[in-house]
Amino acid sequence: MVETETSLEPISKTRLRLWLRLLKATSGIEAEIRRRLRDECDTTLPRFDVLSALSRYPDGLKMSEISVLLKVSNGNVTGIVERLVDDGHAERLAVPGDKRANRVKLTSEGHAMFADLAAKHESWIDELMSGLDRPAIDACNGIFEQFGSSVEADTNSSKAMSK
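Everything in the sequence shown is counted per the numbering used here, starting at 1 for the first residue and increasing by one.
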């Protein structure tokens, strides 16, 4: 039997159900992208994420900047960057005036590899979301823009109260 929503249900329950559906959809897409990156490209989603971050900064990024962008620890980024450097996809550059810091920058080989991965990634997302037409996508984008603004306002309000 399919559970139906009623107008008697508290809005909090309806919001919770929406959140769980979003998680399920996101987790499913992420799992499929991870599988395809592994099986078809012999790489990982974290590696793809680091390549993506570096591709947007031609002058490179410090390890700490990569960590902040990706919202992961420096330790998570270090191993990935080591392998990218070893494979010739990235290089370390000294930071003038800071002997302890290095910038990490994609090599031309790294840029080419990422361009190929990014095209595949876009194609996979397009395929996985092919059930949505443009009006549905536009509606979702509008809803999530509103939602993002609401969450940001709540977060800023919470930070202000804790000071």
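Glycine included, each C-beta is placed from N, C-alpha and C at the ideal position.
Find out if the Cβ-Cβ distance for the pair residue 110, residue 90 is shorter than 9 Å. Yes, Cβ-Cβ distance for residue 110 and residue 90 is below 9 Å.
Would you call the CB atoms of residue 54 and residue 85 closer than 9 Å? The answer is no: Cβ separation not under 9 Å.
Under the three-state reduction of DSSP, which class applies to residue 122: helix, strand or coil? Residue state, collapsed to three classes: helix.
Can you list, in chain order, the residues of its chain whose CB lies under 7 Å from that of residue 49, leaving out five sequence neighbours each side? If you ignore the 5 residues before and after residue 49, its C-beta comes within less than 7 Å of the C-beta of 70, all in its own chain and listed in chain order.
Determine the DSSP secondary structure at residue 77, reduced to helix, strand or coil. Reduced to three states, the DSSP call for residue 77 is helix.
What does a CB cutoff of less than 7 Å around residue 148 pick up in its chain, not counting 5 residues either side in sequence? So no residue of the chain qualifies.
Do residue 62 and residue 101 come within 9 Å of each other at the CB atom, strictly closer than that value? Yes, they are a contact pair.
Please report the straight-line C-alpha distance between residue 58 and residue 126, rounded to a whole angstrom. Cα to Cα, residue 58 sits roughly 27 Å from residue 126.
Can you check whether the CB of residue 47 is closer than 9 Å to the CB of residue 80? Yes, Cβ-Cβ distance for residue 80 and residue 47 is below 9 Å.
With the cut-off set at 9 Å, would you say residue 128 and residue 32 are in Cβ contact? Contact flag set, yes.
What does DSSP give as the partner residue(s) for residue 102 in the beta ladder? Paired residues: 94.
Using DSSP's beta-bridge definition, name the partner residues of residue 61. According to DSSP, residue 61 bridges with 104.
Beta-carbon contacts of residue 64 that lie in its chain and below 7 Å, excluding the five residues immediately before and after: Within the same chain, residue 64 has close Cβ partners 74.
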